[in-house]
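Visitor: Okay, handing you the structure first.
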Amino acid sequence: MKSLRLNTVTAIAVTTCIGLYAAVAQSTEEYPNVKIGPKFNGKGQLMQPKDFRQWVFIGAPITPNGLNNGKANFPEYHNVYVEPAAFEYYRKTGTWPEGTMMVKELHLTEKGQLPDGSSVEPSGRGYFPGGGPSGLDISVKDSKRFAKTKNWGFFNFGHHAPPFEAVSTEAPKESCAGCHIDNAKEDMVYVQFYKPILTPLPLP
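In case it helps, mature numbering (1 follows the signal peptide of the UniProt record, and there is no 0) puts the sequence shown at residues -22 to -1, 1 to 182.
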């Protein structure tokens, strides 16, 4: 009986390892120019990537609630991270590779002292982080999977305080992709907000 249980546990472990290896191999084959590719479950839902705060931070546009009638559509800081290999690829080629993941982590400002929500700190008057995370959105470039939305898929993992959802279904075109199709300057990305980081500085 003990031998049967051991064999069963061993079989499950081997099957799990094979499944994980297949997922990694598939990701590497589909997205050869990124090191951390997107992972999808059997339902086509995107799995939240781990440790994305260790990726390359490329910028933080801000839409304060105090300047948007008390409630911005995406409040307030948009902390944007890019998978490191995709970042390097873009800086070398000017294009985003298949498998690029961009993470937008929303973060509230500290409670403002003034009517427009701003505060006064030693550095001057402005908006400062301190209110905590308030949302998580991820975009993925995959020309086969997202051909109908110009090669990018958009995923909302929740607009609330953490923890965020572990998986997310692709957002409807009208809620995300449509805005990027109509307004993004380059390949569905608002690169104009991140050019200082995306463009290497010339050597002195």
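From the three backbone atoms N, C-alpha and C, an ideal C-beta is built for every residue, glycine too.
Where do the ends of the beta strand (DSSP E) carrying Ile116 lie?
Guide: Taking the first residue of the sequence shown as position 1, residue 116 is located at position 138. Going by DSSP, Ile116 is part of the beta strand (DSSP E) stretching over Pro107 to Lys119.
Visitor: To the nearest angstrom, how far is the alpha carbon of Lys89 from that of Phe171?
Guide: Here residue 89 is taken as the residue at index 111 of the sequence shown, counted from 1. Here residue 171 is taken as the residue at index 193 of the sequence shown, counted from 1. Their backbone Cα atoms lie some 25 Å apart in a straight line.
Visitor: Measuring only the C-alpha atoms, how far is Lys163 from Val60?
Guide: One-based indexing of the sequence shown puts residue 163 at position 185. One-based indexing of the sequence shown puts residue 60 at position 82. Using only the alpha carbons, I get a separation of about 18 Å.
Visitor: Take the Cβ of Pro53 as the centre, count every other Cβ of all protein chains shown within 10 Å, and call the residue buried at 16 or more, exposed below.
Guide: As a first step, residue 53 is located in the sequence shown; it is residue number 75 there, counting from the start. Buried, because 16 or more other Cβ atoms sit within 10 Å of the Cβ of Pro53.
Visitor: Taking the alpha-carbon positions, what's the Asn129 to Thr78 distance?
Guide: The residue you call residue 129 lines up with position 151 of the sequence shown. The residue you call residue 78 lines up with position 100 of the sequence shown. Each residue's Cα considered, the two are about 11 Å apart.
Visitor: Use the C-beta contact count for Ser117: other C-beta atoms within 10 angstroms, 16 or more gives buried, fewer gives exposed.
Guide: Walking along the sequence shown from the start, residue 117 turns up at place 139. Ser117 is buried by the Cβ-count criterion.
Visitor: Could you give the first and the last residue of the continuous alpha helix (DSSP H) run that contains Asn57?
Guide: As a first step, residue 57 must be located in the sequence shown, where it is residue number 79. Not the alpha helix (DSSP H): Asn57 falls in the beta strand (DSSP E), residues Tyr55 to Val60.
Visitor: Give the DSSP-derived three-state secondary structure of Ala149 in the structure shown.
Guide: Here residue 149 is taken as the residue at index 171 of the sequence shown, counted from 1. Coil, per DSSP.
Visitor: Determine the extent of the beta strand (DSSP E) in which Phe82 is found, giving its start and end residues.
Guide: In the sequence shown, counting from the first residue as 1, residue 82 sits at position 104. Note that residue 82 is Lys in the sequence shown, not Phe. Start and end: Met79 to Thr87.
Visitor: Hey, Gly37 and Glu83: beta-carbon distance below 9 Å or not?
Guide: Working through the sequence shown from its first residue, we reach residue 37 at position 59. Working through the sequence shown from its first residue, we reach residue 83 at position 105. In this structure, Glu83 does not lie closer than 9 Å to Gly37 by Cβ.
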